[in-house]
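One structure is given here, and the rest of the page talks about it.
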Amino acid sequence: MPLDGGSILNYDSVMQLALERGFYFPSCEIYADAQAGFWEYGPSGVSVKAKFIELWRRELVRRDGMLEVDGAQIMSQSVFEASGHLASFADPVIKCRQCGSNYRADRLISEAAKIEIPESADLGDFDKTVLEKNIRCPKCKGEFDKARKFNMMFKVEIGPEAEPAYLRPETCQSIFVDFPRLFKTMRGKLPLGIAQIGKSFRNEISPRQSLLRLREFYQAEIEVFCNAAKLDDLDRFSEVRDTTIRLWINGELKAMSCQAAVETGVLPNRFVAYYLGILTEFYEKTGIDMARSRFRRLGEKEKAFYASIAFDFEVQTAIGWLELVACNYRSDYDLSSHAAKSKEKFEVLDDEQKVLPHVFEISMGIDRSIYTILEHSLRDEKENERIVLSIKPYLAPVHVGVLSLVKKDGLKEKTDEVYLKIKRRYDAFLDHSGAIGRRYRRLDEVGAPFAITVDHQTLEDNTVTLRQRDSMQQERIKISDIDSVLSASTAFP
RNA sequence: GCGGCCGUAGUAUAGCCUGGUAGUACGCUGGCCUUCCAAGCCCGUUACCCGGGUUCAAAUCCCGGCGGCCGCACCA
C-alpha cells in the first residue's frame, strides 16, 4: 500500500535510519556482556520523544483535566503482594535435569497428561502431577527438577540488610497507591484521571526487535477513577460523539462513531467510548496512519489477570499488528486489594455517596509508538532520490535547517546571524558544508520540515529561501518573518 | 528459553569453504570548485562481537559466551 510519491519502508530501513541519524541504538554496545532489551535514545530520538509526550499531555492530560504524577521506580514488596504481581506476574517453569530444556509447567502437563492446572496454582501441585503421571522431557525423556516460578519483575535489594523490593513492572501502581492523598489534597472529583510517564521494567525471556520488546521501557499510563454506577453519565461525551473509532470485534472491523458504538452495544458505556474517542483523536495527531489501526477487543483468555473488559489499540506495521495501548477496565481490583493490604481508606464521596472507585486504564507504550510514527512516516522517493521522514512538523527532531548556499562572500556570517536569532525557539540545525542538495537530503532523512538557505540575494534584501520538506518547493521570505512563519507551522495542532 | 540462520568501519557489504598485506560502495572530516536539490576532483578518517583453543601464523578452523533476524512462547 504505497503512499503518494513513495513506498513504505520496512523494519530494517527504520532500524538503519535509527542507527545512522541518532534516533536510537543498543545500550552498552561497546561491551560484549551488553544484554538484549536495553536501548538508548540518541539526540533525534530524545527530541521526538519529548514532543510526543508534549502532545500526549495536551491531548489527554490537559484536555481531560487529569493530574500527572511522577512516581518512584523502585517500590516496596507490599505493593506487589497487593497488586498480585508477585504471585501472578510469573510463569511456572520446570527444567529437564538431563538436557536443560525449560518448559511452562502448566502447558507441558496439559499436553502430556491432559490435566489443566491453573498457572497460578501452588508449585507442589505441578510436581505432584509430574510425578504421578510420570511426565518426562519431550526432547530427551529426562526427568524434571521441581517446578519454580519465573517472575518477570526485577528484584532489588535495599540497604545493608538487603530488604527486598522491585523495579515496577508497570507505572500505574504508584497511581493506585497515591490515590487517597491525591484525591484529598488535589480536591478530586469523580471521574478523575491520574496520569504518569515513566519507565517500567520487565525481565522478558526473549526481548526482540529494538524498541518493540524491551526490558526497560517507557509507559504513559492513565488511570481514570470513576463511579461504577455512573458510566453513562458523562457530559463531555458530547465532545467525541461523532468521532469515528475503528473497532475489531470477533474478527470483524467496525468503524463507527462513538455515539453509534454505545447505542449498538459494541462498547459497554459512554465512559469507555469517550476515552477510546480521545485516544483516537490523539493518535490521529501523531501522524500514525489510522487506516491501519484498530481497537481489538480481547477475549477472556488474552486479558491481563486484573481486567474485566479489555481493548488493545493496535497498528499495522512492517512486522505485523503491533499493540500500542492496552485499555483495561480494572474495576475495583487495584483499590480494594491495596485497601485490604494497607488498611488505608480508598472510598471517596461522590454526590454525598461513599463509593470505592472503579478504574479504567489507558496504558500506552511510548517506545512502540515512537517506532510506529517513524515507520509510518518514512518514505523512499525514488524519483527524487531521497529517503524522507514525513513526520508531523511539531514532532520533528529538527524543526529547521539553516544553511549557507556557499561559505564565501560573507554568506557564512550572515547564516550564523540567522541561526542565532532562532535557535532558542526552535530545534534548528546549522550546516555550511558540502553541496546544498546533499544537505537538503540529510535534513529530509531526519525529518526536518523546513530548510532556510542564505544566498547572495540575502545580502541585498534580507530575504532567505524557505524550503518545504514534503514538496521540496521553495519560497522567499524576509528574515524578519522567519519567526512568525516557523511559529505557525511548527505549532502543536 | 528452545530451534534455524547470522555477526567485518557510521551504514551496506567482499574476503571465510581452501588460514598468510582486510577490499569496495555510500557516509563522514578538511580542501579546490560551485549562485539551490545526494555533481566533480584531491587529502584524510573509521572495522574483523568477546574470551579461550589449534597453528610458525586465525576475520577465516574448533569450543564457550554475548548479540541480531525468523519461528515457538510471552507482552506495553
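In terms of this note's numbering, the first sequence opens at residue 48 and continues consecutively.
C-beta: ideal position from N, C-alpha, C; glycine also.
These figures come from a predicted structure and were not determined experimentally.
Using alpha carbons as the reference points, say which of Leu533, Phe272, Asn250, Ala129 lies closest to Phe264.
-> Start at 1 with the first residue of the first sequence, and residue 264 comes out as number 217. It is Asn250.
Proximal residues to Ile526 (C-beta, below 8 Å), its chain only, five neighbours per side dropped | The residue labelled residue 526 in the question sits at position 479 within the first sequence. If we look at Ile526 and ignore the five residues flanking it on each side, its Cβ neighbours are Val465, Lys468, Thr505, Asn509, Thr510, Val511.
Identity of the residues DSSP links to Asn375 by a beta bridge | Along the first sequence, read from residue 1 onward, the residue named residue 375 stands at position 328. DSSP output for Asn375 lists Ala357, Glu408 as bridge partner(s).
Proximity below 7 Å, CB of Arg415 to CB of Leu259 = Here residue 415 refers to the residue found at position 368 of the first sequence. Here residue 259 refers to the residue found at position 212 of the first sequence. Yes. Within cutoff.
Counting only runs that start and end within the segment 404-450, where is the alpha helix (DSSP H) found for 4 or more residues in a row?
-> 413-424
Can you round the beta-carbon distance between Asp138 and Phe201 to whole angstroms, since I take them to be within the 8 Å contact cut?
-> On the first sequence, position 91 is the one that residue 138 refers to. On the first sequence, position 154 is the one that residue 201 refers to. At roughly 15 Å, the Cβ-Cβ gap does not stay under 8 Å, so Asp138 and Phe201 are not in contact.
Three-state secondary structure (DSSP) of Arg344 = Mapped onto the first sequence, residue 344 falls at position 297. Note: Arg344 maps to strand in three-state DSSP.
Considering only residues of the segment 75-157, which uninterrupted beta strand (DSSP E) runs meet the minimum length of 3 residues and lie entirely inside it, listed in chain order?
-> 86-88, 114-116, 121-123, 137-142, 149-151
Have a look at Arg234, Ser135, Phe85, Val95 and flag the residue whose alpha-carbon is nearest the alpha-carbon of Tyr418.
-> In the first sequence, residue 418 corresponds to position 371, counting from 1. The residue with the shortest Cα to Cα distance from Tyr418 is Val95.
Determine which residues share a DSSP beta bridge with Pro211 and list them.
-> Taking the first residue of the first sequence as 1, we reach residue 211 at position 164. DSSP, once it has assigned bridges, lists Glu204 as partnering Pro211.
Gly240 vs Asp111 beta-carbon contact at 7 Å = Taking the first sequence and counting its residues from 1, one reaches residue 240 at position 193. Taking the first sequence and counting its residues from 1, one reaches residue 111 at position 64. For Gly240 and Asp111, yes; Cβs fall inside 7 Å.
For Gln400, I'd like the list of residues in its chain whose CB is within less than 6 Å of its CB, leaving aside the five on either flank, ordered along the chain.
-> Walking along the first sequence from the start, residue 400 turns up at place 353. Cβ within range, chain order: n/a, list empty.
So is Asp289 buried or exposed if we call it buried at 16+ other beta carbons inside 10 Å?
-> Against the first sequence, residue 289 aligns to sequence position 242. Classification of Asp289: exposed, given that the 10 Å Cβ count is below 16.
Cβ-based burial, Ala538 [other Cβ within 10 Å; buried from 16] | Position 491 of the first sequence, counted from the first residue, corresponds to residue 538. It is exposed - the Cβ of Ala538 has fewer than 16 other Cβ atoms within 10 Å.
If you run the structure through DSSP and keep just helix, strand and coil, what is Val319?
-> Translated into the one-based positions of the first sequence, residue 319 becomes position 272. In the structure shown, Val319 sits in a helix (DSSP, three-state: H, G or I).
Identified DSSP bridge partners for Glu492 | Within the first sequence, residue 492 is the residue found at index 445, counting from 1. DSSP, once it has assigned bridges, lists no residue as partnering Glu492.
Using the Cα positions of Asp280 and Tyr321, report the straight-line distance between them to the nearest angstrom.
-> In the first sequence, the residue the question calls residue 280 occupies position 233. In the first sequence, the residue the question calls residue 321 occupies position 274. Those two C-alpha atoms are separated by around 11 Å.
Per DSSP, cross-strand counterpart(s) of Ser285 | For the purposes of this step, residue 285 is identified with residue 238 of the first sequence, where counting begins at 1. DSSP output for Ser285 lists no bridge partner at all.
Nonlocal neighbours in the same chain, by C-beta distance under 8 Å from His479, ignoring five residues either side | As a first step, residue 479 must be located in the first sequence, where it is residue number 432. So the list reads Leu450, Ser451, Lys454, Lys459, Thr462, once near-sequence residues are dropped.
Glu391, buried or exposed, once every other Cβ within 10 Å from all chains shown has been counted against 16 | Within the first sequence, residue 391 is the residue found at index 344, counting from 1. It counts as exposed.
When DSSP labels each residue in this structure, what does Leu326 get in the three-state scheme?
-> The residue given as residue 326 occupies position 279 in the first sequence. Residue state, collapsed to three classes: helix.
From Ser384, Arg486, Asp530, residue whose alpha carbon lies closest to that of Ala129 | Taking the first sequence and counting its residues from 1, one reaches residue 129 at position 82. Answer by Cα proximity: Ser384.
Identity of the residue in Arg516, Gln243, Phe248, Arg183 nearest Met199 by Cα | Here residue 199 corresponds to residue number 152 of the first sequence, with the count starting at 1. That would be Phe248, whose Cα lies nearest to the Cα of Met199.
Applying the criterion that 16 or more other CB atoms from any shown protein chain within 10 Å of the CB defines a buried residue, is Met48 buried or exposed?
-> Residue 48 sits at position 1 when you count from the first residue of the first sequence. The pLDDT assigned to Met48 is 34, lower than 50, so where the model puts this residue is not dependable, and the model offers no usable value.
Coarse secondary structure for Gly312, derived from DSSP in three states = Here residue 312 is taken as the residue at index 265 of the first sequence, counted from 1. Correct three-state label for Gly312: coil.
Whole angstroms is fine: what's the gap from Glu299's alpha carbon to Glu310's?
-> As a position in the first sequence, residue 299 is number 252, starting the count at 1. As a position in the first sequence, residue 310 is number 263, starting the count at 1. Spanning the two alpha carbons is a distance of roughly 18 Å.
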